[in-house]
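Below you'll find the structure, written out as structure tokens, and then a few comments.
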Amino acid sequence: MCIYRLPRGESIIRPGSHCPKCGKQIKWYDNIPLISYALLGGKCRYCGEKISLQYPLIELITAFLFLLTYQKFRGAPFTILIFLLLVLSLIIVSAIDFQTYTIPNKFTYPLIILGLFSSPFNSFLKEYSGIIISSSRQLSLIVSSFLGLLVGGGVLYLIALLGRKMFKREAMGGGDIKLIFGVGAFLGVANVLWVIFLASLLGAVTGGVLIIAGKYKKFQEVAFGTYISLGTVLVFLFQPGLNRIYIDLISICK
Ligand SMILES: [Zn+2]
Numbered sequence: 177m178c179i180y181r182l183p184r185g186e187s188i189i190r191p192g193s194h195c196p197k198c199g200k201q202i203k204w205y206d207n208i209p210l211i212s213y214a215l216l217g218g219k220c221r222y223c224g225e226k227i228s229l230q231y232p233l234i235e236l237i238t239a240f241l242f243l244l245t246y247q248k249f250r251g252a253p254f255t256i257l258i259f260l261l262l263v264l265s266l267i268i269v270s271a272i273d274f275q276t277y278t279i280p281n282k283f284t285y286p287l288i289i290l291g292l293f294s295s296p297f298n299s300f301l302k303e304y305s306g307i308i309i310s311s312s313r314q315l316s317l318i319v320s321s322f323l324g325l326l327v328g329g330g331v332l333y334l335i336a337l338l339g340r341k342m343f344k345r346e347a348m349g350g351g352d353i354k355l356i357f358g359v360g361a362f363l364g365v366a367n368v369l370w371v372i373f374l375a376s377l378l379g380a381v382t383g384g385v386l387i388i389a390g391k392y393k394k395f396q397e398v399a400f401g402t403y404i405s406l407g408t409v410l411v412f413l414f415q416p417g418l419n420r421i422y423i424d425l426i427s428i429c430k
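In structure tokens:
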């Protein structure tokens, strides 16, 4: 619903869910994730208009990622809560960015605030912060969160500047940088660099595949926020695996 309404400037509170074709209110029992779509056969109960496949698809992805997030942080309820909020925001942001090439501040600003303020109790950050300041663990975590924001944003800003110089076009927008601010505040300085690396890699590979398939329009806009979101989820789900791969590569090169 957020993905549909926010880019159209509609309120996400009122009116309640309704069919975009016939305008009829959708009853609660026709609005149950996944189940209602299956029971209704993917059509509006009143006018028979097809319901976009996007709804059950997003619902399925959300359910799947929520489950993985819960598994990952089992035993740390506060970290589960804040990472579920992060995942939910990233799903909405990436779908909106994918469709409209914009990232609403409504999601990035709260993520930055939540990431910074939750950092003393963020168990992911505790595991990977790598920053120790005097004896205060809490202070170390806050610093790590803030550095993640600063370094993540800084690196992405430099890439954006470089892209503008080299290609004479906007490769990245302010929305991407605000998004990486939030991600950095959640994941800390080392892991936000992983996110940028993976996002760039995924973007380049996708671009390469599209060029080979002949589907790539020259100077097509890139929804980098979608890649940042994907990279973020991969990093927090697969750490410490990424660090291990890195250490193995280093030792092979030596
Ligand atoms: Zn209808």
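Residue numbers (this note's numbering): 177 to 430.
Glycine residues also receive a C-beta, built at the ideal position from the N, C-alpha and C atoms.
With a threshold of 6 Å, the Cβ atom of residue 226 does not count as near ligand 1, since no heavy atom of the ligand is closer than that. Within the same chain, Cβ atoms closer than 7 Å to the Cβ of residue 360 are found at 324, 325, 327, 328, 329, 368, the five residues on either side in sequence being excluded.
Residue 283 is a Cβ neighbour of residue 269, given a cutoff of 7 Å. In this chain, the alpha helix (DSSP H) harbouring residue 420 covers 417-429. For residue 219, the secondary structure class from DSSP, reduced to helix, strand or coil, is strand.
Between residue 273 and residue 317, the alpha-carbon positions lie close to 30 Å from each other. Spatial neighbours of residue 245 in its own chain (CB-CB distance under 7 Å, excluding positions within 5 residues in sequence) are listed in chain order as 256, 259, 260, 263. In the three-state reduction of the DSSP assignment, residue 226 falls in the strand class, which pools E and B. Distance from the C-beta of residue 213 to the nearest heavy atom of ligand 1 is not below 6 Å. In this structure, residue 180 has its beta carbon at no less than 6 Å from each heavy atom of ligand 1. Note on geometry: alpha-carbon atoms of residue 198 and residue 218 lie some 15 Å from one another. In the assembly as shown, residue 178 is a buried residue. Its beta-carbon has 16 or more other beta-carbons within 10 Å.
Residues 374 of the same chain have their beta carbon placed closer than 7 Å to that of residue 410, with the five preceding and five following residues left out of the count. Leaving aside the five residues that flank residue 213 on each side, the residues in its chain whose CB is nearer than 7 Å to its CB run, in chain order, 227, 231, 232. The residue among 380, 366, 407 with its C-alpha nearest the C-alpha of residue 419 is 366.
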